Every structure is written in structure tokens, then in C-alpha cells.
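**Student:** Pasting a structure below so you can have a look.
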Amino acid sequence: MINNIQILRGLAALWVFLHHSLGHFKAMGFSFLPFEWLASYGYIGVDVFFVISGLVMAKTTEKHDSGWHSGQLFLGKRFFRIYLGYWPVFILTYVVYWYFQDENLSKIDLIGSIFLLNANMFELLIGPAWSLPFELYFYLLIALLIFFSVKRPHVFFLIISALIVIKLNVMDFGVSALIDLVLSHMIFEFIMGYYLWHYRHYFLKVNFLIYLIVGAACFMIGSYYDLVNTVWRPVTLGLFSWAVVALALIFEGKLKPIVVRMFKPIGDASYTLYLLHSVLLYSFYHTGVRTWFVDQQWPLAGFTALILIVVLLSYLFYLMVEKPLYHFAVNRFIHDNRNDNSKLNTNHKKI
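Right under this line is the structure:
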């Protein structure tokens, strides 16, 4: 993985976390406009994730073998990455909510939450998981390119883009949850990331100031007109995120090693941080810890401890749960499958 991209992934997850911590920040009696301004736009971290995901898919598949078997291996790895990092956090979250007898448990879409079939954050056990069905869907699109040995995906993505535009013009949102997902305007952000890597040799020749100007302009338009919940999100906040990712590529290898060592672990644990912070914030309040810090007149210490502990616990959870589970599954099911196929091919040659 490119260090700058991994660090940016961590910063995006941290940005989302700060966005969701803003309510606690204010409830503890704080008022600091720079932090509130930064955290209020933390939802853009998801746009950064989508662009990065598109880029990573382009990078990992540009020299990928084609065919049915290769497509299965690709999907197996990606699904293991998503679900084996998600299910442990899901179980922990469910247990915590059950322990505190949260009334919202009866309102969630349990099946949709377990299998990531629902992109409505208000119906999910883990709100931030609304973005994961989009990730899974884009993986399926990439798998189709591998299955059918498509070397030039331009026509494929052009058709997808055209269908999205048609859907946006002829069908209202909410008529069909499935169509809203597969023909969502958010898919444009994945495609933008995909082509950022695909044509990186051209994009990296552009002066970084251009990306700064474009990114700043798109952010200002998207934030000023509050376009987050509109179809214009990809061409404003999404394009801002694309410019940020492009800058990360341009400045790859130019960060001091100490900065990389400091922030890369957050990037490694970004998926866990993205999912785990919700239940940790919930526990911070419902266990009475937040109230205790306020009563002791230590709100600054309490909020600082919250940020540090959530990041630390996320990293430990990544090291002790997410990473081992993923490697076990890949070694057990993906590598064993390859070995079995290799043996079959060898025996076939002998015959």
C-alpha cells in the first residue's frame, strides 16, 4: 500500500470519528470554533474512503489474472476484508446495546445490518456501516471485469454512469432500495478514484496548485450550498476528496519517516476505527464516564482521553481481531484453494 494513501485513509476515519464526537464535545461544555468547524465536515471522510477504494481497486487489479477463478479469489479476499472486520464489531455493539437495554435495538433492520444489505444508516445497528454496501457493490463491478477479462473498462463504466444519470432523471429516490444502491450517484466517487490510478501518469504531471484550487473550490461550493444529501455531492465534495487523494499521490515519499511511523498505524486500523468508534462513544456516555469527567471539572482531560483511547482501542482491536481473522481466512480458504487447484492441474498434466 502507498504510505500516503494509507495515512489519508486513517485521517479520513479519524475525521468521521471527530464528526460523531462533536455532540459529546458540546455536551461537555466546550466551544472552540476551529474544532467545531473541522468536525462538522467529518462526513466527507466517507467520500475520501470511496475515492481511495476506487483507486485501490484499480491498483490491485491492473496486473490481476482474468477469468472465473481469479474473480472468485478477488471477491473472496474483498468479502473477507469487509465482513471479518465488521462482524466482530457488530457482535460487540449488539452486546453493549443489549446490556444497556437500548430501545433502538427493536427498530433496527437486523438482517440488513448483519449482511450489509441496507444502506440506510437509521436502520443499521452501526450507523457508519451505511457506506459498506456501496463498497461491496463496487467490488462486484470490479469482479465482473475480472470474470469477463475486460482489459479496457471504459465502455463498462460509461454504461454504468449513463444508467445512473438516467435513473436520477426518471426515478425518485426511495422507490426501490436496490436500484437506489446499484445506480447511486455515490458510485461516481469510486469511478473517479479508479481512473485517478488508471491515468496516474497524466494526473501526477499536473501542478499540485491546480489540485489545491480545484479542491478548495469544490469544498466551498459543496459546503456553502450544503450539497451532502443531494446528487451534486460527487461533483463537489467528491471532487474535493479526489483532489486530496491526488495530492497524496503527488507527495508520496516526501513525508518524513517519523511522520509515516506515527500516522500509518492509524491508517492500518482505519476500518476498525471507522466501525468501532460508534459503540465506544455510546459507552462513553452510558457508562457515566462522560458525566464523571464533567462533574470533576475535568472536561478537557476527559475529551482528550476519549479521542486517544478510541484510537488506541481501535488499533488494538485491529491487531488482535481484524488482522488475525483476515489472515486466517485467506490462508485457510484462499491459499488452500489455490494449492488444491495447483495439485489438480499437476495431476492433469501427469495424466
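First residue of the sequence shown: 1, per full-length UniProt numbering; consecutive thereafter.
Ideal placement from N, C-alpha and C gives every residue a C-beta, glycine not left out.
All of these numbers come straight from a predicted model, not from anything done at the bench.
(1) Report the three-state DSSP secondary structure of T346 (helix, strand or coil).
(2) Could you tell me which of Q296, L273 and F303 sits nearest to F32, measuring between CA atoms?
(3) State buried or exposed for F50, treating a residue as buried only when at least 16 other CB atoms are found within 10 Å of its CB.
(4) Need the endpoints of the alpha helix (DSSP H) that D268 sits in, please.
(5) Tell me the start and end of each unbroken alpha helix (DSSP H) in the segment 79-139 that is at least 4 residues and wholly inside, in chain order.
(6) Please report the straight-line C-alpha distance between M121 and S113, rounded to a whole angstrom.
(7) Helix, strand or coil for H277 per DSSP?
(8) Considering only C-alpha positions, which residue in the set I108, T272, A177 and F203 is nearest to residue 380?
(9) Relative to the C-alpha of L8, which residue among F333, R290, F263 and P324 is closest?
(10) Judging by CA-CA distance, which residue of R233, H64 and W68 is the nearest neighbour of V46?
(11) Would you be able to state if there are at least three C-beta pairs under 8 Å between the segment 242-261 and the segment 276-294?
(12) Rounded to the nearest angstrom, how far is the Cβ of residue 365 from that of M186, given a contact under 8 Å?
(13) Beta-carbon within less than 7 Å of Y94's beta-carbon, same chain only, minus the 5 sequence neighbours each way: which residues are those?
(14) Quick check on the burial criterion: 16 or more other C-beta atoms within 10 angstroms. Buried or exposed for A162?
(15) Return the chain-ordered list of same chain residues with a C-beta closer than 8 Å to the C-beta of residue 352, the five sequence neighbours on each side being excluded.
(16) In this structure, does DSSP put K205 in helix, strand or coil?
(17) Could you tell me the boundaries of the alpha helix (DSSP H) in which Y194 lies?
**Tutor:** On the basis of the coordinates in this document:
(1) Confidence at T346 is low in this model, with a pLDDT of 42, below 50, so the placement of that residue should be treated as unreliable; the coordinate-derived value is given next. It is helical.
(2) Minimum Cα-Cα distance from F32 among the listed residues Q296, L273 and F303 corresponds to F303.
(3) Its Cβ being crowded by 16 or more others within 10 Å, F50 is buried.
(4) P257 to D268 is the span of the alpha helix (DSSP H), which, as asked, contains D268.
(5) Entirely contained in the segment 79-139, the alpha helix (DSSP H) runs reaching 4 residues are, in chain order, 110-115.
(6) One C-alpha to the other measures close to 10 Å.
(7) Three-state DSSP puts H277 in a helix.
(8) Lying outside 1 to 351, the shown extent of the chain, residue 380 is not represented and no answer is given.
(9) For L8, the nearest C-alpha among the options comes from F263.
(10) The candidate whose alpha carbon is nearest that of V46 is R233.
(11) With a cut-off of 8 Å, the segment 242-261 and the segment 276-294 do not count as touching, because too few Cβ pairs lie within range.
(12) The requested residue 365 is not part of the displayed model; the chain covers only 1 to 351.
(13) Around Y94: L125.
(14) Exposed is the call here.
(15) Nothing about residue 352 can be read from this structure; the chain reaches only from 1 to 351.
(16) Here K205 sits in coil by DSSP.
(17) From DSSP, the alpha helix (DSSP H) with Y194 extends over I187 to H198.
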